[in-house]
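There are 2 protein chains.
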Amino acid sequence: MSEAKNKPATPMFKRLALIGIGLIGSSISHAARRAGVVGDIVGCSPSAATREAAVRLGLVSQAFADPVDAVKDADLVILCSPVGTYEKIAAAIGPHLEPGAIVSDVGSVKAAPVREIGQHIPEGVHFIAGHPVAGTEQSGPEAGFAELFDGRWCILTPDDTADKTALAKLVTFWEALGSRVEMMSPQHHDLVLAITSHVPHLIAYNIVNTAAHLERVTDSEVIKFSAGGFRDFTRIAASDPVMWRDVFLNNKEAVLEMLGRFSEDLVALQRAIRFGDGDMLEKTFTDARSVRRGIIQASQDTPQPDFGRHGTKERSS
Amino acid sequence: MSEAKNKPATPMFKRLALIGIGLIGSSISHAARRAGVVGDIVGCSPSAATREAAVRLGLVSQAFADPVDAVKDADLVILCSPVGTYEKIAAAIGPHLEPGAIVSDVGSVKAAPVREIGQHIPEGVHFIAGHPVAGTEQSGPEAGFAELFDGRWCILTPDDTADKTALAKLVTFWEALGSRVEMMSPQHHDLVLAITSHVPHLIAYNIVNTAAHLERVTDSEVIKFSAGGFRDFTRIAASDPVMWRDVFLNNKEAVLEMLGRFSEDLVALQRAIRFGDGDMLEKTFTDARSVRRGIIQASQDTPQPDFGRHGTKERSS
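Residue numbers (the working numbering), protein chains in the order written: chain A, 1 to 317; chain B, 1 to 317.
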């Protein structure tokens, strides 16, 4: 969608280094090439299979095992690995970053990683943390696609000392990839994402776990009758386990706060069921519909019933 | 899919009466016409707008306000209204049912409704309760479509005294509509659906409610950043509030049992986050993936990443 509008005459960055080439890293490669905003793209992964796939798929011209090799001559470095790896990677690449380079990331948590990366960034290198709020349940270099960021929000969390030119350049980069960009503090980011992403993932993982360990309902029954609602939860519960482990370990406070609110509200619904308070249930369920309408109006989800799973897209109604 | 195979020379039923013409009632009409298994279809709704729409859309030849008028000459009567309406409707239509007619329903709860309907069914009329496990978040007569039941499971809960011929006929009817049919007791149905449908809906409604009432995160932020996972929950939280109120009021025990298990498991994950137990989190998240694979292998969901929301269906990978 942003291709024609944003394709520049010369690339904004001569070399992009992707530290980690999974769903997000590979999608950045596809989207950056579509937009023509980078000259060369190199990558880095501890996995030989990932490096081989990344080169074979044309995501990167070279794939290194050591991040130090990947950041050489790179004027844009984006960490796309699980947030638990950030500190070690930042410590390793810090002394080897090009003067004037921009360093960013795509992590789903911001406060802790900003501290961990920030301390290793030398003078003259611009660190601005980021988080494109987009994804699918799939993982790995083959999962990426150019449209992933189209119309989605990318949150940047620059501090007060961030270089204005570098910040503007990073904003333009994400817009060229199809994103809309919003700024906020790392702390506020972590609170917002705790409720819009982290707690939803946790309760999805949890109900799948609960369903799998019942004595009176078989796994086969759970699977056969999943179309009643359960299957929607299994989609996000199929997301990368290591990435999500690191999210919860690094956003403990905000997740526990939001989980406390969720559990408190759930107890109120539980009481309403126990005591047969139909009015309370109906009111709660009716209110929830308006949030769905807001999300569709903001183009953050498809209006097709059932996500268009059954070819309902083609229906005339 | 089952059209060619199952289309009979003469319709199985001369007149189908749909008591309630919402998403499920209208989909039964579409699917039954596709299969050619019914002669005439009539309907009934307390809403003048629904009756008008049902006739205009060709879902029924006649739409009545009073269910007593709808069941006249009907050899198949299906209750498709919220389960809270069943007892009153059954009491009204009982004396007017045709001898030999089959009476069924599509309610998401079975034990309580089976008792409530059953007591009003006269000798010589065959009552066999049912539940097609299929749906979308949309409601009303315009929401239905012929493919809704294709490949999905329809659960029938006949008791030991059920007429074998009538039961076989009802199985054939649902298979003609595209469903696969499974039998179980009403009590077991309610337990299975509590975990695969009722509790998932409750926690989806609940997190939408929690997110909408936070002081430190705005509604606008919840909507903008919903692509991080939250939006999947809002889909099922957009389902019909009255239908779902009645589900929870009528399946109290099984829902409270499953909710207890869910909350217990959630507390264990909460403790793992609080005390930084990454191994426990990673193991739980990894296990959840296999359930997703089972659902896709059983054709109960689409394997496309992100439900194919972003045109990813067309990608070559």
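Cβ coordinates follow ideal geometry from the N, Cα and C atoms, glycine included.
- Taking one beta carbon from each stretch, the region 249 to 256 of chain A and the region 97 to 107 of chain B have fewer than 3 pairs nearer than 8 Å; the two do not touch.
- Neighbourhood of B:F262 in chain A, by CB distance below 7 Å: N206, I207, T210, in chain order.
- When Cβ-Cβ separations below 8 Å define contact, A:V199 makes contact with chain B.
- The region 13 to 28 of chain A makes contact with the region 71 to 86 of chain A, as at least three CB pairs between them are under 8 Å.
- Per DSSP, the beta-bridge partners of B:P132 are B:C154.
- Residue environment: A:G144 is assigned as buried (16 or more neighbouring CB atoms within 10 Å of its CB, all protein chains considered).
- Neighbours of A:L266 in chain B, taken as residues whose beta carbon is under 8 Å from its own, are L202, I203, N206, L259, S263 in chain order.
- Following the DSSP letters along the chain, one finds B:R180 in no alpha helix (DSSP H) but inside the beta strand (DSSP E) bounded by residues 180 to 183.
- Counting C-beta pairs closer than 8 Å gives fewer than three between the region 229 to 243 of chain A and the region 243 to 250 of chain B, which falls short of the contact rule.
- Within the region 225 to 249 of chain A, the alpha helix (DSSP H) runs of at least 4 residues that lie entirely inside it are, in chain order, 230 to 236.
- For A:V71, the closest Cβ of chain B is not nearer than 8 Å.
- Contact between B:I21 and B:G39 is ruled out by a C-beta separation of about 18 Å, above the 8 Å threshold.
- Using a 10 angstroms sphere on the CB of B:V133, the tally of other CB atoms reaches 16 or more, which defines it as buried.
- Considering only A:R33, A:D219, A:P200, the residue with the shortest C-alpha distance to B:T210 is A:P200.
- In this structure, the beta-carbon distance from B:A65 to B:P46 falls below 8 Å.
- Looking at the backbone, the Cα of A:E215 and that of B:D287 are separated by about 17 Å.
- Assignment of B:S61 by DSSP, reduced to helix, strand and coil, places it in the coil class.
- Annotation: A:T302 to B:W153 spans about 26 Å, alpha carbon to alpha carbon.
- Here A:I203 is not bridged, per DSSP, to any residue.
- Approximately 4 Å separates the beta-carbon atoms of A:G178 and A:F149; this is inside 8 Å, confirming the contact.
- In the three-state scheme derived from DSSP, where H, G and I count as helix and E and B as strand, B:S104 is classed as strand.
- For the C-beta of B:S104, not a single chain A residue is nearer than 9 Å; the gap to the nearest is close to 18 Å.
- Secondary structure at A:D40: strand, using DSSP grouped into helix, strand and coil.
- At a Cβ-Cβ threshold of 8 Å, A:I203 and A:A162 do not count as neighbours.
- Excluding its 5 nearest sequence neighbours in each direction, B:R180 has C-beta neighbours in its own chain below 6 Å: W153, listed in chain order.
- Here DSSP, grouped into helix, strand and coil, assigns A:H189 to helix.
- Non-local beta-carbon contacts of A:V109 in its own chain, meaning distances under 7 Å to residues more than five positions away in sequence, involve V83, D190, V247, N250, N251 in chain order.
- With contacts defined as CB atoms closer than 8 Å, A:E116 and A:A90 qualify as a contacting pair.
- In the displayed model, A:K283 falls within a helix according to three-state DSSP.
- Under the Cβ distance rule, A:L177 does not count among the residues neighbouring chain B, no pair being separated by less than 8 Å.
- With respect to the C-alpha of B:P67, the residue from B:L79, B:L59, B:E52, B:Q138 having the closest C-alpha is B:L79.
- The alpha-carbon separation between A:P113 and A:I155 amounts to approximately 14 Å.
- A:F13 has A:V38 as its beta-bridge partners, per DSSP.
- Proximity of B:Q187 to chain A, defined by a Cβ-Cβ separation below 8 Å, is not satisfied.
- A straight-line Cα-Cα distance of about 14 Å links B:A146 and B:V60.
- Check the Cα spacing between A:G124 and each of A:P141, A:E175, A:H96, A:T136: the tightest is with A:H96.
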